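Numbering of the sequence shown is given in numbering that gives the first Met the number 0, commencing with residue 0 and proceeding in unit increments.
All C-beta atoms in this analysis are idealised placements derived from N, C-alpha and C, irrespective of residue type, glycine included.
These numbers were taken from a predicted model, which means no experiment stands behind them.
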Amino acid sequence: MITMKRHSFYKTLPGKGITTAIAVIIMVTGMAARLMAMACSGVPLAITGTVVDAENGEPLFFTHVVLMDSIGSGQLGGTVSQLDGSFRLVYHGGADVGTGCTGQTYTLRFSAMGYQPLARIIISPESGVIDLEDIRLSQKVMEHDEILFIGRQVRARSEAGGTTFYPDETMYTVSSTGTDILKLIPGVQVDILQNISLEGSRNPLIYVDGIERDRQYVSQLQAGQIEKVEVMTNPPAQYQAEASGVIHIVTRRDRDRSVHGHAEIELPTTDSEIYLFPAYSFHYGSGKIDLFTSYNGEFSYFDIIESHDRTLQDDSGSSTWSSRQDVRQKNWSHRFHYGMNYQGSDRSRLAVYGWMNPYSWEQDGSAELTGRYSGGELWRADKLDDDRNFAGFHSMNYRFKPSEEGGHILSLDASYYHLTTTNSTLYTNEATGFQLRNRTRPKQHAARMKLDYEWSPDAPVQLGSGVHLLTRSTEDREPEGFAHQQDSYSGYLNIGYQVMQYDMQAGVRMEHIRLNADVSGPEFRTGRSYLFPNLSVSRSFPTFAGRLQLTYRKSVRYPHIYQLTNSESAMDPLSVHSGNPSLVPEQRHDLGLAFSKLFNNSYTSAQWFYHRRTDAIEPVSRMNRDGLFETGTYNAGTVHQYGIQLSGAFDLGGKAGLQPYLKLYEANVIPNTIASEYGAMRSRYLEMALGLTGYATFPRGFSGMFMISHGTPWSGVQQRQYEGTLYFISVEKAITQDLKAGLTSGMPFAKTVTYQGSEIAAYDFQSRAEGNISMTTIPLWVTISWQFAAGSKRKSAHRTDDDMHHVPTRGF
0 MITMKRHSFY
10 KTLPGKGITT
20 AIAVIIMVTG
30 MAARLMAMAC
40 SGVPLAITGT
50 VVDAENGEPL
60 FFTHVVLMDS
70 IGSGQLGGTV
80 SQLDGSFRLV
90 YHGGADVGTG
100 CTGQTYTLRF
110 SAMGYQPLAR
120 IIISPESGVI
130 DLEDIRLSQK
140 VMEHDEILFI
150 GRQVRARSEA
160 GGTTFYPDET
170 MYTVSSTGTD
180 ILKLIPGVQV
190 DILQNISLEG
200 SRNPLIYVDG
210 IERDRQYVSQ
220 LQAGQIEKVE
230 VMTNPPAQYQ
240 AEASGVIHIV
250 TRRDRDRSVH
260 GHAEIELPTT
270 DSEIYLFPAY
280 SFHYGSGKID
290 LFTSYNGEFS
300 YFDIIESHDR
310 TLQDDSGSST
320 WSSRQDVRQK
330 NWSHRFHYGM
340 NYQGSDRSRL
350 AVYGWMNPYS
360 WEQDGSAELT
370 GRYSGGELWR
380 ADKLDDDRNF
390 AGFHSMNYRF
400 KPSEEGGHIL
410 SLDASYYHLT
420 TTNSTLYTNE
430 ATGFQLRNRT
440 RPKQHAARMK
450 LDYEWSPDAP
460 VQLGSGVHLL
470 TRSTEDREPE
480 GFAHQQDSYS
490 GYLNIGYQVM
500 QYDMQAGVRM
510 EHIRLNADVS
520 GPEFRTGRSY
530 LFPNLSVSRS
540 FPTFAGRLQL
550 TYRKSVRYPH
560 IYQLTNSESA
570 MDPLSVHSGN
580 PSLVPEQRHD
590 LGLAFSKLFN
600 NSYTSAQWFY
610 HRRTDAIEPV
620 SRMNRDGLFE
630 TGTYNAGTVH
640 QYGIQLSGAF
650 DLGGKAGLQP
660 YLKLYEANVI
670 PNTIASEYGA
680 MRSRYLEMAL
690 GLTGYATFPR
700 GFSGMFMISH
710 GTPWSGVQQR
720 QYEGTLYFIS
730 VEKAITQDLK
740 AGLTSGMPFA
750 KTVTYQGSEI
760 AAYDFQSRAE
770 GNISMTTIPL
780 WVTISWQFAA
790 GSKRKSAHRT
800 DDDMHHVPTR
810 GF
């Protein structure tokens with residue numbers, strides 16, 4: 000990340016006079032050089048040239064060009080290169096003095112994100128005009144102590160497989176955490192509960208500095224730590240086939256001090272809506288060892304109304320049942336992160352990382368059920384939830400470079416995850432003595448090992464390969480008799496090639512899945528092998544900073560623990576849900592053609608896409624004549640989607656920005672035999688999703704941000720799901736450089752918000768379920784964030800986090 004190094008004068012004990020003398024000599028020498036430069040500028044100095052990539056000759060736009068004095072200690076002028084890489088820097092100096100001087104020496108510095116900086120010594124000619132032609136910068140990971148910052152940063156850079164976005168200073172100002180930065184990245188959506196989606200997909204992988212993380216880890220990152228965000232909607236073969244996309248966050252490795260951290264505190268202004276995400280982090284480094292600890296919490300307490308209307312049509316007519324639950328959602332989570340990192344040398348690194356996470360999702364209140372066919376009340380009861388969960392994760396990562404030359408990197412990851420859950424729902428009617436209890440106690444263990452090898456020779460070819468192993472066991476201790484074992488063996492090969500304006504990535508991943516389920520009956524065993532190819536070919540157009548990209552990828556979705564567990568869950572006396580241990584993985588195919596363009600420090604992208612899901616894992620429901628609503632999980636059919644997608648990041652004068660997102664597509668649903676027996680019908684729908692995020696900075700340290708998302712219902716094989724329009728607004732004030740305070744409001748004036756809903760229109764029954772939260776007119780939360788740092792600068796060490804579980808949330 001480009002930073003400006005701060006200097007301070009301090010008193011020394013022994014040798015004070017020598018230190019002072021040296022400082023005075025440096026100051027006087029620099030001042031004399033600058034005065035001479037100014038005095039010798041009777042003719043304005045005009046410097047022109049073009050900055051290009053040293054390997055492929057592609058123009059580098061927004062490269063910082065800085066004119067220094069002869070010893071390189073004082074800045075005389077600066078500019079940035081244009082979209083075609085060209086620049087023109089004019090230095091008038093002391094032209095008004097009228098004393099001409101030829102042969103004056105200057106230093107010209109070039110710096111661009113992701114490239115090795117370059118310095119050129121130039122001598123002013125009599126004409127005052129210097130044409131440097133091509134300035135060739137080499138790609139290299141930079142770790143600077145000092146670079147001068149001129150102008151605004153590059154906003155985005157597209158490559159095969161994805162786009163890299165660089166936050167600017169305004170984005171840092173309006174953000175406190177890593178999650179806040181992601182809200183400002185095109186194509187990334189963050190809902191009000193900090194769930195992260197990528198272009199509408201709710202299962203992206205999240206990486207930080209090359210190591211897999213989760214959204215909780217991102218929420219405890221400081222915004223200022225983030226150097227860039229790489230978004231891969233067509234991730235290469237080294238990423239697991241289940242990933243719908245990859246968000247890779249790269250942090251500033253040269254900004255960490257030996258002691259640094261932050262604290263984020265949120266306070267509610269009313270007990271009606273408690274919506275808090277507190278966090279802290281603390282880092283300490285000494286010698287080759289770094290120690291790390293952090294915490295992030297999640298608290299959401301809301302009043303919720305859940306309603307469900309069901310109508311059954313048969314030869315005798317129609318019957319309708321309606322249920323309503325008025326409950327208080329009490330969701331809380333505490334996650335404690337910790338780690339130790341050892342930097343043995345410049346070529347080897349060892350990291351140990353882990354977290355512990357107790358959490359609970361409960362909804363207590365009252366429930367009632369009525370039926371139109373009898374004309375009276377059928378049932379009423381009090382509802383009591385008891386939900387206790389504990390998850391833990393431990394990992395080790397070793398990274399080794401055999402030599403400084405050749406670009407060889409070998410990395411080894413080993414991780415272990417465990418989850419223990421007890422969930423109970425009790426309905427009680429004291430007047431009649433009626434009780435209905437549902438209780439499950441699932442347990443899961445998972446272990447994963449990864450061995451990856453990367454090779455980036457000087458030629459325009461990059462190679463990667465690796466082997467990944469995963470074993471996961473799931474059981475339900477109540478009721479007994481359910482056990483599920485999954486073993487996965489994966490290998491991949493990935494090739495990248497870049498020449499001139501063309502960039503290509505191709506790869507293939509092989510995964511063999513072995514499933515073994517014991518469900519208190521016939522044992523179920525299956526073993527399947529899958530090939531997952533991917534391809535990305537792009538062509539850049541440097542003259543107008545555009546890129547055209549064609550992508551294809553095959554991926555998969557594996558069922559999670561609750562979809563496999565065959566025990567029944569009762570939502571009310573007439574609603575029963577169960578999993579299915581016989582599920583097979585869902586296959587996915589994605590084809591896209593996208594064009595992206597940079598202009599005036601802004602970015603825009605348009606894409607045509609086609610998406611197909613086969614063996615779609617979906618809930619499928621049916622009703623019987625007694626009104627019992629049974630829902631199971633099945634491989635239910637095929638869903639096709641094709642349409643257009645637009646996104647962008649627009650800079651508004653350097654003090655504000657807008658990130659719009661629009662997805663418009665047609666969904667074609669084809670149920671299979673099982674879903675058809677449950678009443679699912681073939682259908683076509685035109686669907687849409689849109690979002691808008693904006694931010695701005697104001698005088699006296701004020702800043703603001705808003706987010707809005709809206710969409711039509713989206714189609715599954717049998718159900719159509721939907722949610723209401725979500726929006727929030729926040730305002731912050733910088734009290735000091737490291738302390739900020741602000742106010743956040745979620746859905747002001749809405750009073751009622753639909754957080755989830757579903758509709759079923761089968762040939763013999765209809766169903767509509769909806770969950771709504773009740774809110775005050777203007778809900779407010781107070782936020783306070785503080786950052787601290789002390790000691791000398793150190794390189795960041797990396798920790799590994801491989802989140803191997805998929806647990807569905809409850810409530811809003």
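Looking only at C-alpha atoms, which of S359, A788, G338 and A733 sits nearest to N396? If we check each option's Cα against that of N396, G338 comes out closest.
In whole angstroms, what separates the C-alpha of P541 from that of M503? In this model, P541 and M503 are separated by some 17 angstroms (Cα to Cα).
Sorted by chain position, which residues of the same chain lie with C-beta nearer than 6 angstroms to H417's C-beta, five sequence neighbours on each side aside? Within the same chain, H417 has close Cβ partners G391 and H444.
Would you kindly report the start and end of the unbroken beta strand (DSSP E) that includes L181? Annotation: L181 is outside any beta strand (DSSP E); the continuous alpha helix (DSSP H) that includes it extends over G177 to L181.
Three-way DSSP call (helix, strand, coil) for I707 in this model: Residue state, collapsed to three classes: strand.
The beta strand (DSSP E) that contains R436, what's its start and end? In the DSSP annotation of this structure, the continuous segment of the beta strand (DSSP E) that includes R436 starts and ends at F433 to T439.
Rounded to the nearest angstrom, what separates Y491 and S410 at their Cα positions? Annotation: Y491 to S410 spans about 15 angstroms, alpha carbon to alpha carbon.
Indicate whether R398 and S347 have their beta-carbon atoms separated by less than 8 angstroms. Remark: C-beta atoms of R398 and S347 approach each other more closely than 8 angstroms.
Give me the Cα-Cα distance between S271 and E265, rounded to the nearest whole angstrom. If you take the alpha carbons of S271 and E265, they lie about 15 angstroms apart.
Would N194 be called buried (16 or more neighbouring beta carbons within 10 Å of its own) or exposed? Answer is exposed; the Cβ neighbour count stays below 16.
Starting from Y726, follow its DSSP beta bridges and name the residues at the other end. BP columns for Y726 point to I707.
Going by C-alpha distance, which of Q434, Y415 and A430 is nearest S423? Measuring from the Cα of S423, the nearest candidate turns out to be Q434.
Need the endpoints of the alpha helix (DSSP H) that T172 sits in, please. Taken as a continuous stretch (DSSP letters only), the alpha helix (DSSP H) holding T172 covers E168 to T172.
Among F86, M680, A655 and W354, which one has its Cα closest to the Cα of E168? For E168, the nearest C-alpha among the options comes from A655.
Can Q237 and A278 be called in contact, C-beta distance under 8 angstroms? No; because the gap between Cβ atoms is not below 8 angstroms, this pair is not in contact.
Rounded to a whole number of angstroms, what is the C-alpha to C-alpha distance between T369 and V583? One C-alpha to the other measures close to 38 angstroms.
Just verifying my parser: in three-state terms, what is the DSSP assignment at G591? G591 falls in the strand class under three-state DSSP.
Residues bridged to G506 [DSSP beta-bridge criterion]: G506 is bridged by DSSP to N493 and N533.
Mark F291 as exposed unless 16 or more other C-beta atoms lie within 10 angstroms of its C-beta, in which case mark it buried. The C-beta of F291 has 16 or more other C-beta atoms within 10 Å across all chains shown, which makes the residue buried.
6 angstroms Cβ shell around L592 - same chain, five flanking residues per side excluded: Hits under 6 angstroms: L549 and W607.
Given P235, which residues of its chain have a CB within under 7 angstroms of its CB, disregarding the five upstream and five downstream residues? Shown here for P235: same chain residues with a beta carbon closer than 7 angstroms to its own, the five before and five after excluded, namely G160, N493, Q504, G506 and N533 in chain order.
Compare the Cα-Cα distances from S826 to each of E361, E453 and R447 and report the closest residue. Nothing can be reported for residue 826: it is not among the residues displayed for the chain, which extend from 0 to 811.
I believe V619 touches Y557 by the beta-carbon criterion, under 8 angstroms. Please report the beta-carbon distance rounded to the nearest angstrom. Your pair V619 and Y557 does not check out as a contact, with CB atoms roughly 19 angstroms apart and the cut at 8 angstroms.
Length of the line joining the Cα atoms of Y283 and Y602: Near 38 angstroms, if we compare the C-alpha coordinates of Y602 and Y283.
Which whole-angstrom value describes the C-beta separation of V781 and T268, a residue pair presumed to lie in contact below a C-beta threshold of 8 angstroms? Between V781 and T268 the beta-carbon gap is near 7 angstroms, inside 8 angstroms, which marks them as a contact.
Per DSSP, cross-strand counterpart(s) of I122: I122 is bridged to T104.
For the alpha helix (DSSP H) containing S675, list its first residue and its last residue. Its alpha helix (DSSP H) spans residues T672 to E676.
Taking all protein chains shown into account, do 16 or more other C-beta atoms lie within 10 angstroms of the C-beta of G465, making it buried, or fewer, making it exposed? G465 is buried by the Cβ-count criterion.
Could you spell out where the beta strand (DSSP E) holding S218 opens and where it closes? Premise fails: S218 lies in the alpha helix (DSSP H), R214 to S218, not in any beta strand (DSSP E).
Unbroken beta strand (DSSP E) run spanning D308, endpoints: For D308, the enclosing beta strand (DSSP E) covers residues I288 to D313.
Report the residue from D208, V536, G703 and M231 whose alpha carbon sits nearest the alpha carbon of M251. The residue asked about is misnamed: residue 251 is Arg in this sequence, not Met. The candidate whose alpha carbon is nearest that of R251 is D208.
Just the C-alpha distance for A36 and N599, rounded to the nearest angstrom, thanks. No answer about A36 holds up, because its pLDDT of 44 lies below 50 and its placement is not dependable.
So A674 packs on G631, CB below 8 angstroms; how close in whole Å? The Cβ separation is near 10 angstroms, so there is no contact.
Going by C-alpha to C-alpha distance, which of Y762, Q115 and H336 sits closest to Q717? Of Y762, Q115 and H336, the residue nearest in Cα terms is Y762.
In angstroms, rounded to a whole number, what distance separates the CA positions of Q755 and D381? Straight-line measurement puts the Cα of D381 at about 23 angstroms from the Cα of Q755.
Taking buried to mean at least 16 other C-beta atoms within 10 Å of its own C-beta, is N623 buried or exposed? Exposed is the call here.
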